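Numbering (the working numbering), first residue to last: 143 to 667. Every residue, glycine too, gets a C-beta built ideally from N, C-alpha and C. These numbers were taken from a predicted model, which means no experiment stands behind them.
Given below as structure tokens:
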């Protein structure tokens, strides 16, 4: 038997291989729609291999960074850069020049491919670098530079010798210091892509709209997942609710992803109206409120909540819907949909542990830290072994998120560990208060944080943005919460206005904290 097995050839897993298969089996079908441009899978395959051929001699084994919106350029880079034999560094499009410069220098990128819309930003970012990367402009207004690179290149496809070599480097938001470079491997991205295909129901008939930034965790591995299913990619440079609704109807969109703020934008847009077919939506970044889930259901969106981090290739857990829950009333269904769920099918094991690292009981009440382990956990942080060890001291990645384990095995997030409000000795989960406020008919979005208080040490404060054309007062919001939660959980202060957000639509609570706690000597939070 060993002799026969030796004859078998096992190739390393890599997500870029999905494009080989799509081009072979679905070559004549539409792969990409980007404005007026359309390419088949055979054409996309050729373009990506030519991109690899053009980049390989310039990169010479060093990473290639890409700064572009959700366009065909970044999608092609998801395949072309790995085929050039080097890691992809997809750069957040909302960063300042100094932040871009740090990422380029820290990653030692040899090439920067960027959309011309970022010309001035790139000028400033490269000006201070001792060893700036080669610069390639790609996109509308590039004078044909990108297409010329493809036309002159020899199609290339370097295959990884080890499936756990670095595929890409994704940088964290750096809210507590310099951004960390999270190392993704080919194996993890391959398996994560398959998990997304299975959990979201992608197929060759699917039409995927890019409402999720492709730079964020490599678009949760959906560039590879959509391609694995041979579905259509509909590029969207910016989330404009009116354009999203138009594309959903015109292109027959069946799938999209994003943060809860994306759902809020769509749910209350002027063009919002019930759809004739179901659109499958995967959301993450924050627990969705039952109110927004109910609204999306009324419009014909089937919303699935995912949970994950940059360090886990995006979604590590999914709120896997059980058929027996279909008979529950809408309010009960919304509460179940807001849970974070169970580990995804191919890659991740989930535990909720106490301070000693022991599993908490599955009672839905005992709070512990969510820990993860599996094929979709990062290799580590680039050039930071100490941070890598601290993140996974015993092989289990510590998320920093607090949650409970329900008797049915589903995890529900209670808070970020740093977001727990301790008021007069009582723990208050900001998520719970946020969901109560979000159920108010005038509320569009909300963030709850701890603010200093002379008597209680700290108390909850709510920062609220209202739906257009509506009104609410501080007293009304507080009374609304008191009608749903214990009175001590109600916010003592309500501030109305636009909320600060990351480029992926996640509310930046740390910005609110810094303002609220400025000048306070002891920051209990």
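In this structure residue 286 is not in contact with residue 258, their Cβ atoms being roughly 12 Å apart against a cut-off of 8 Å.
Linking residue 403 to residue 266 through their CA atoms gives a straight-line distance of about 31 Å. Nearest Cα to residue 489 within the set 351, 459, 217 and 483: 459. In this structure, the beta-carbon distance from residue 223 to residue 245 does not fall below 8 Å. The beta carbon of residue 526 sits closer than 7 Å to those of 322, all from its chain and outside the five residues before and after it, given in chain order.
According to the DSSP secondary-structure assignment, residue 181 is paired through a beta bridge with 174.
Distance from the CA atom of residue 487 to the CA atom of residue 647, rounded to whole angstroms, is 27 Å.
Contact between the region 399 to 414 and the region 547 to 566 is absent, with fewer than three C-beta pairs closer than 8 Å. Rounded to whole angstroms, residue 413 and residue 387 show a C-alpha spacing of 7 Å.
Contact between the region 349 to 357 and the region 373 to 392 is established, with three or more Cβ pairs separated by less than 8 Å.
Beta-bridge partners assigned by DSSP to residue 459: 449 and 485.
For the region 412 to 440, the full-length beta strand (DSSP E) segments reaching 3 residues or more read 421 to 425 along the chain. Excluding residues up to 5 positions away in sequence, 561, 563, 572, 602, 603, 605, 651, 654, 655, 658 and 667 lie with their Cβ nearer than 8 Å to the Cβ of residue 591 in the same chain. The shortest CA-to-CA distance from residue 581 to any of 626, 369, 190 and 612 is the one to 626. Shown here, residue 615 sits in coil according to DSSP, grouped into three states, outside any helix or strand.
Around the beta carbon of residue 469, fewer than 16 other beta carbons sit within 10 angstroms, so the residue counts as exposed.
The beta carbon of residue 574 lies closer than 8 Å to those of 556, 627 and 631 in the same chain, with the five residues before and after it left out.
Residue 516 is bridged by DSSP to 490.
Within 10 angstroms of the beta-carbon of residue 347 lie fewer than 16 other beta-carbons, which makes it exposed. Taking the Cβ atoms as the reference, residue 255 lies roughly 24 Å from residue 520, outside the contact range of under 8 Å. Spanning the alpha carbons of residue 343 and residue 570 requires a straight line of approximately 37 Å. Rounded to whole angstroms, residue 538 and residue 177 show a C-alpha spacing of 43 Å. Sequence-distant Cβ neighbours of residue 644 in its own chain, meaning closer than 7 Å and more than five residues away, are 315 and 650. Looking at the DSSP output, residue 209 shares a beta bridge with 256. Non-local beta-carbon contacts of residue 360 in its own chain, meaning distances under 6 Å to residues more than five positions away in sequence, involve 310 in chain order. When the alpha-carbon of residue 484 is set against those of 185, 457 and 532, the nearest one is in 457. For the alpha helix (DSSP H) assignment, the uninterrupted runs of no fewer than 4 residues enclosed by the region 366 to 402 are, from N- to C-terminal side, 383 to 392. Note on geometry: alpha-carbon atoms of residue 475 and residue 512 lie some 23 Å from one another. Note that the region 239 to 253 does not touch the region 326 to 335; fewer than 3 beta-carbon pairs, one per stretch, sit closer than 8 Å.
Beta-bridge partners of residue 594 (DSSP): 600.
Cβ neighbours of residue 399 within its own chain (closer than 6 Å, five residues either side excluded): 354 and 424. Scanning 247, 578 and 408 for the CA closest to the CA of residue 272 turns up 247. Taking all protein chains shown into account, residue 479 has 16 or more neighbouring C-beta atoms within 10 Å of its C-beta and is therefore buried.
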